[in-house]
Amino acid sequence: MKSFNRKERFHLVGQLLGNSEFNLDPNLFRKILDLLDLDTPTYYFSAMDYHLDWIFASLELASGQYDGPKERNNLCINATNEDVDFLLAFVDDLGITHIVMIEAKGDTSFTNKQLQSKANRLNEIFGPSGKKWPNVVPHFLICSPTQPSQLQTSKLPSFMRNKKDDGLIWFRLYMPANQRKVTRCDVNGNSSQNGTHWKIEYIRTLKS
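Reminder that position 116 of the sequence shown reads as 1176 in our numbering, one-by-one numbering, no gaps.
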């Protein structure tokens, strides 16, 4: 998986912060592992904006099934930038490879359309129950400032859902208060996609 990670942003941020391996905060890493009921691994690979194409190609390569040009399944390899926001991968003490995929939303919200689109591809890559590849277990989490309540999960692959309530595994994304955004508007300040003017608005205003 590491050999496919050609994202300039990953390598630039890693260099600038003196953390080229993108090692996680130990407390947050432990929280994620607890949500998945997993033990702390000795070593793990982490990456941001990791393409779904790369995930499938990594699985093919690791399984020994890749021996040259292959017919393309558009759900597995579609040559787009569709990705997961953050990825963790490691092998546990039993030799099982865990692939943890995290999707995040800060200002915007998760939508059923976007979630189902990604689920369709992950379903094809890992199989409906996540057992397509021997000794590989996929996991899926979401994080956002508030837990979404309107997402439809019944049609998602079982490995994407929480076994306890069939929902999605969620943890909180902490975003600063009193942030601003630029919005297009008309001359009177009314928000408009075709606005000829612009304005600054506060979001997540800190309550007094």
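Don't be surprised by glycine CBs; every beta carbon is placed ideally from N, CA and C.
In this chain, the alpha helix (DSSP H) harbouring Val1073 covers 1068-1076. Here Ala1149 is bridged, per DSSP, to Phe1105, Ile1159. When beta bridges are read from the DSSP output, Leu1093 appears opposite no residue.
The shortest CA-to-CA distance from Lys1067 to any of Pro1188, Trp1114, Ile1137 is the one to Trp1114. Shortest Cα-Cα distance from Phe1150 to any of Glu1142, Leu1182, Ala1107, Ala1117 involves Ala1107.
Our two residues, Leu1098 and Pro1129, have alpha carbons roughly 36 angstroms apart in a direct line.
Bridge pairing for Trp1230: Ile1202 [DSSP]. Per DSSP, Gln1239 lies in no alpha helix (DSSP H) segment; the continuous beta strand (DSSP E) that holds it begins and ends at 1239-1245. Residues of the same chain with a CB within less than 6 angstroms of the CB of Phe1146, apart from the 5 flanking positions on each side, are Met1108, Ile1162 in chain order. The alpha-carbon separation between Ile1263 and Gly1155 amounts to approximately 46 angstroms. Out of Phe1219, Glu1261, Tyr1103, the CA that lies nearest to the CA of Lys1191 is found in Phe1219. Beta-bridge analysis with DSSP links Asp1143 to His1111. A straight-line Cα-Cα distance of about 16 angstroms links Leu1076 and Leu1084. A check of alpha carbon separations from Arg1240 across Gln1253, Gly1255, Ser1209, Lys1259 identifies Lys1259 as the nearest. When the Cα atoms are used, Leu1135 and Arg1181 turn out to be separated by approximately 5 angstroms.
The secondary-structure analysis by DSSP pairs Lys1259 across a beta bridge with Thr1243. Where Asn1180 is concerned, the enclosing alpha helix (DSSP H) starts and stops at 1172-1186. C-alpha of Pro1217 to C-alpha of Asn1183: approximately 6 angstroms in a straight line. When the Cα atoms are used, Glu1120 and Gln1176 turn out to be separated by approximately 24 angstroms. Residue pairing by DSSP places Ser1251 opposite Cys1245 in a beta bridge.
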